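Visitor: Take this structure first; my questions come after.
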Amino acid sequence: MRKRIYQCLAAGVILLGICHPSWASAEAVPMDIHQPETAMAAAAAKKKPIPAKDRARYEKLRQENQGRLAEKEKFIPTTAQSVIVTFGGISRKESVEDILDRLDSYGAKGTFFVTERELRQNKDIVREIIDRGHEIGIGLRTGTDGDYFETCAQIERFQKRCMKEFGIKPVIARQIFGFDKPGVNEACSALGIRYFGAQINGVLTQDKDESDVNTVFSHVFKKSMYSMGRGQILYIRLDFMNHPLITGQLLDMIKKYKIDNIAYRSFNDSPESNPDNDTAYHMTSIGEVLADKEHAWTYPVPDKDIPEELKPSAVAVKIDDHNFWDEFRKRYIGSPDVRTIARVKGFPESRMDKMDKTGVVKGITDNTIFFGFDDWGSDQSVNRLLYVLRKHHAPCNFFVMTWNVHSNPNLLRVIAENGHDIGGHTNSHRPMVPQRTVSGRWNMLDDKAFMEDVRQSYQILAETAGDVKVNGRPSLTRYFRPPTLAVSKRGAEALFNEGYSYIISGYESTEDYDALSLESVIGAIEHGIYDEQGNVRQGVVFVVHMSDHARYTAEAMDIILTANEKRPDGDPKKFKTGRLSDYLKDGYDQSRIPSGNEIIDSRSREHKIETERLHEK
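In the working numbering, the protein residues as written are 103 to 719.
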């Protein structure tokens with residue numbers, strides 16, 4: 103009976119120890135499924151004694167290390183189009199051979215974490231992994247205690263044997279079995295070992311007996327996980343699943359549906375047909391990414407590397423009731439659609455009538471227009487969009503919702519390095535004015551919570567892209583686009599006092615996130631670019647989106663920009679795209695130019711406004 107109770111307890115620990123991974127959650131670290139808890143305790147009791155001189159040396163290293171812990175790295179800061187694939191559990195040769203063959207067919211390299219026991223008992227497999235060009239890492243077995251001294255000894259024993267047998271000295275590690283323990287992190291830090299985890303765990307306890315790879319794939323990747331990302335780490339254990347080849351089949355599906363899907367492919371442009379289409383991602387090892395210094399960066403960005411005017415603490419003008427209205431009129435680029443109490447709060451009616459509603463940057467005399475891409479997306483949506491803009495030399499503006507940037511900061515970094523303006527769009531996408539959601543709930547934050555939200559949002563932007571300069575100019579701006587374009591007096595005060603310099607709505611939204619066809623998105627964009635006479639709306643600011651729901655946007659932009667390039671110079675319909683930071687400078691004042699150049703041009707818009715008012719009543 104006691105034995106049965108122990109078995110049940112061990113099974114419960116196993117089930118709790120492996121949870122479904124997500125972009126933002128901590129990686130699940132499974133116990134050794136093939137080694138019950140009692141056996142693990144017995145193995146811990148049989149640890150080799152550590153010689154006194156080694157223990158003294160480890161203690162000295164510990165003192166010199168001053169208690170620092172190696173961070174468990176689940177991604178690598180890089181802008182390279184690389185997805186990192188890692189493996190553990192090499193004792194089943196059939197599974198390893200299958201994975202190696204598949205990696206060869208992809209032209210890809212991976213990292214294999216090997217335990218001490220595997221190094222002794224499966225030397226032929228380790229040799230084949232190395233001979234086929236892959237990387238070996240240290241697979242740590244920490245038992246149940248994660249002792250600092252034992253971990254140091256384990257690392258050095260592994261390195262010594264690896265050097266003797268294969269002539270290599272691995273300096274990367276991951277914990278294969280057991281739960282996270284600070285002693286392991288401290289030992290890695292003291293010995294100069296990079297300590298890795300993963301964002302995606304490809305083997306889950308619930309799938310141990312599964313033979314259908316589609317079921318496994320659906321468990322690993324939920325519907326909201328559209329793709330893998332630059333520098334993100336995938337981990338697959340090869341000896342756990344009862345079906346020996348299912349992990350290889352899973353890798354095929356991940357490559358096809360979560361990596362190959364990132365590339366931009368239209369009817370006449372793909373990586374296969376166009377040598378200049380550089381959008382394909384590839385699988386690679388940890389070592390290859392670490393060696394790529396050209397694309398490496400430091401996350402978070404050190405505060406000293408951020409220009410003073412872009413540091414979160416910098417505030418250009420302190421706003422109070424005495425100067426608010428003058429500063430607001432200078433710094434607010436409104437929208438023709440935002441003029442009712444449903445979208446504006448805290449302004450007297452006399453002030454509302456004088457709020458900017460042009461949707462344009464004033465004073466522009468050429469055919470410059472501004473695309474502003476809102477929200478956030480995956481590598482699938484954003485990589486395609488960046489390629490189209492790069493292909494057409496079209497600098498633009500990105501207003502980023504930051505709540506999930508921490509799980510994929512490389513993506514924001516590459517937007518900045520592509521030379522686009524980066525602005526804020528809150529952390530949680532909660533508007534300044536309370537609005538009912540589709541579910542009927544009120545979507546709102548109180549004033550204090552809104553201030554904290556925008557403060558946190560800018561902090562995330564700064565620590566991810568605050569040091570990026572392209573052609574000597576920063577990519578990060580202090581511009582803000584309000585969610586739903588709604589604006590309130592208290593919200594605007596909070597934004598300005600948190601250091602934002604301009605609140606930028608825009609002429610209209612393309613609503614591309616709800617579009618049912620490519621043609622409808624093209625039509626919506628063109629409707630914003632040209633007025634009823636076919637003239638370019640000079641200085642017009644667009645609201646478009648970078649999210650995965652805006653699935654036609656990249657191709658629509660490609661078609662529109664291609665057609666625009668074919669127009670001869672001097673054609674009144676030819677436009678160019680601009681970064682807002684090229685124009686909102688030198689004290690730009692939105693109120694300085696009379697509103698006579700407003701482009702609110704149709705009775706239909708007035709009808710729309712009246713309809714909104716009737717609806718509110």
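For glycine and all other residues, C-beta sits at the position ideal for the given N, C-alpha and C.
Computed from a predicted structure; not experimentally measured.
1) With 9 angstroms set as the bound, which would you pick, yes or no: does the beta-carbon of Asp688 sit closer than that to a beta-carbon of chain C?
2) So what does DSSP say about Asp673, is it helix, strand or coil?
3) What number of angstroms, rounded off, separates the C-alpha of Ala617 from the C-alpha of Lys195?
4) State the start and end residues of the unbroken alpha helix (DSSP H) segment that holds Met454.
5) Tell me whether the region 208-223 and the region 384-394 touch, counting them as touching only if at least three CB pairs, one residue from each stretch, are closer than 8 angstroms.
6) Expressed to the nearest angstrom, what Euclidean distance is found between the alpha-carbon atoms of Lys155 and Val286?
7) Work out the CA separation of Gln640 and Ile466 for me, nearest whole Å.
8) Drop a sphere of 10 angstroms on the beta-carbon of Glu634, count the other beta-carbons inside from all chains shown, and report buried for 16 or more, exposed for fewer.
9) How about Phe319 and Met355: do their beta carbons lie closer than 9 angstroms?
10) Considering Ile257, what are the terminal residues of the alpha helix (DSSP H) in which it resides?
11) Within the chosen definition, does the region 163-177 reach the region 295-303 through at least 3 CB pairs nearer than 8 angstroms?
12) Taking Cβ positions, are Phe260 and Arg157 nearer each other than 9 angstroms?
13) Starting from the C-beta of Tyr337, find all residues in its chain whose C-beta is less than 6 angstroms away, skip the five residues before and the five after it, and write them out in chain order.
14) Relative to the C-alpha of Leu514, which residue among Ala496, Tyr401 and Lys262 is closest?
15) Under a three-way DSSP split, which group does Lys413 fall into?
16) Pop quiz: Ser437 and Leu587 are said to be a contact at Cβ under 8 angstroms. What is the actual Cβ separation, rounded to whole angstroms?
17) Val187 by DSSP, collapsed to three states: which one?
18) Can you tell me the Cα-Cα spacing of Arg715 and Phe475, whole angstroms?
19) What does DSSP give as the partner residues of Gly479 in its beta bridges?
20) Once you ignore the five residues that flank Ala567 on each side, which residues in its own chain have a CB closer than 7 angstroms to its CB?
21) Applying the 10 Å Cβ sphere with the 16-neighbour rule, what's the burial state of Ile270?
22) Could you tell me how far apart the beta carbons of Ile605 and Phe582 are, in whole angstroms, since I believe they sit closer than 8 angstroms?
23) Hey, quick one: how far does the alpha helix (DSSP H) through Leu620 stretch, first residue to last?
24) Roughly how many whole angstroms lie between the Cα atoms of Met327 and Ser480?
25) Mapping the DSSP letters down to three states, classify Ile192 as helix, strand or coil.
26) So Ser590 packs on Asp555, CB below 8 angstroms; how close in whole Å?
27) Does DSSP put Gln308 in a helix, a strand or coil?
28) Determine the burial state of Ser375: buried for a count of at least 16 other Cβ atoms within 10 Å of its Cβ, exposed for fewer.
29) Would Glu267 and Lys325 be called neighbours here (beta carbons separated by less than 9 angstroms)?
Guide: Looking at the atomic coordinates:
1) Annotation note: the requested chain C is absent from the structure, which comprises a single protein chain.
2) Taking the first residue of the sequence shown as position 1, residue 673 is located at position 571. In the structure shown, Asp673 sits in coil (DSSP, three-state: anything other than H, G, I, E or B).
3) Taking the first residue of the sequence shown as position 1, residue 617 is located at position 515. Taking the first residue of the sequence shown as position 1, residue 195 is located at position 93. Going by the C-alpha atoms only, they are around 49 angstroms apart.
4) Locating residue 454 in the sequence shown gives position 352, counting from the first residue. Segment Glu451 to Met454, the alpha helix (DSSP H) holding Met454.
5) At 8 angstroms Cβ cutoff, the stretches touch.
6) Within the sequence shown, the letter at position 53 stands for residue 155. Within the sequence shown, the letter at position 184 stands for residue 286. Near 20 angstroms, if we compare the C-alpha coordinates of Val286 and Lys155.
7) Counted from its first residue, the sequence shown places residue 466 at position 364. Counted from its first residue, the sequence shown places residue 640 at position 538. Looking at the two C-alpha atoms, the distance is approximately 6 angstroms.
8) Residue numbering aside, residue 634 sits at position 532 when the sequence shown is read from its first letter. Residue environment: Glu634 is assigned as exposed (fewer than 16 neighbouring CB atoms within 10 Å of its CB, all protein chains considered).
9) The count along the sequence shown starts at 1 and reaches residue 319 at position 217. The count along the sequence shown starts at 1 and reaches residue 355 at position 253. In this structure, Phe319 places its C-beta atom within 9 angstroms of the C-beta atom of Met355.
10) Within the sequence shown, numbered from 1, the residue matching residue 257 stands at position 155. Where Ile257 is concerned, the enclosing alpha helix (DSSP H) stretches over Tyr250 to Phe268.
11) The answer is yes - the region 295-303 touches the region 163-177, with three or more Cβ pairs under 8 angstroms.
12) Taking the sequence shown and counting its residues from 1, the one referred to as residue 260 is at position 158. Taking the sequence shown and counting its residues from 1, the one referred to as residue 157 is at position 55. Annotated as distal: Phe260 and Arg157, with beta-carbon spacing of 9 angstroms or more.
13) Against the sequence shown, residue 337 aligns to sequence position 235. Correct list, in chain order: Thr188, Ala300 and Asn303.
14) Your numbering for residue 514 matches position 412 in the sequence shown. Here the closest residue by C-alpha is Tyr401.
15) Stepping through the sequence shown from its first residue, residue 413 is reached at position 311. In the three-state reduction of the DSSP assignment, Lys413 falls in the coil class.
16) Here residue 437 is taken as the residue at index 335 of the sequence shown, counted from 1. Here residue 587 is taken as the residue at index 485 of the sequence shown, counted from 1. Ser437 to Leu587, Cβ: 5 angstroms. Contact.
17) Within the sequence shown, residue 187 is the residue found at index 85, counting from 1. Secondary structure at Val187: strand, using DSSP grouped into helix, strand and coil.
18) Residue mapping note: residue 715 aligns to position 613 of the sequence shown, counting from 1. Residue mapping note: residue 475 aligns to position 373 of the sequence shown, counting from 1. For Arg715, the predicted model reports a pLDDT of 45, less than 50, meaning its position is unreliable; a value from the coordinates is still stated below. Roughly 29 angstroms separates the two Cα atoms.
19) For the purposes of this step, residue 479 is taken as the residue at position 377 of the sequence shown. Beta-bridge annotation (DSSP): Gly479 is not paired with any residue.
20) By 1-based counting over the sequence shown, the position of residue 567 is 465. So the list reads Leu514, Arg515, Ala518, Ile524, Ser577 and Leu578, once near-sequence residues are dropped.
21) On the sequence shown, position 168 is the one that residue 270 refers to. It is exposed - the Cβ of Ile270 has fewer than 16 other Cβ atoms within 10 Å.
22) In the sequence shown, the residue the question calls residue 605 occupies position 503. In the sequence shown, the residue the question calls residue 582 occupies position 480. At roughly 5 angstroms, the Cβ-Cβ gap stays under 8 angstroms, so Ile605 and Phe582 are in contact.
23) The residue you call residue 620 lines up with position 518 of the sequence shown. If you look at Leu620, you'll find it in the alpha helix (DSSP H) that goes Leu620 to Ile631.
24) Looking up residue 327 in the sequence shown gives position 225. Looking up residue 480 in the sequence shown gives position 378. Going by the C-alpha atoms only, they are around 8 angstroms apart.
25) On the sequence shown, residue 192 is found 90 positions in, with the first residue counted as 1. Note: Ile192 maps to coil in three-state DSSP.
26) Here the question's residue 590 lines up with position 488 in the sequence shown. Here the question's residue 555 lines up with position 453 in the sequence shown. That belief does not hold up - the Cβ atoms of Ser590 and Asp555 are roughly 13 angstroms apart, past 8 angstroms.
27) Numbered from 1 along the sequence shown, position 206 holds the residue referred to as residue 308. Helix.
28) As a working note, residue 375 is residue 273 in the sequence shown. Residue environment analysis places Ser375 among the exposed positions, since fewer than 16 neighbouring C-beta atoms fall within 10 angstroms of its C-beta.
29) Within the sequence shown, numbered from 1, the residue matching residue 267 stands at position 165. Within the sequence shown, numbered from 1, the residue matching residue 325 stands at position 223. No Cβ-Cβ contact shorter than 9 angstroms links Glu267 with Lys325.
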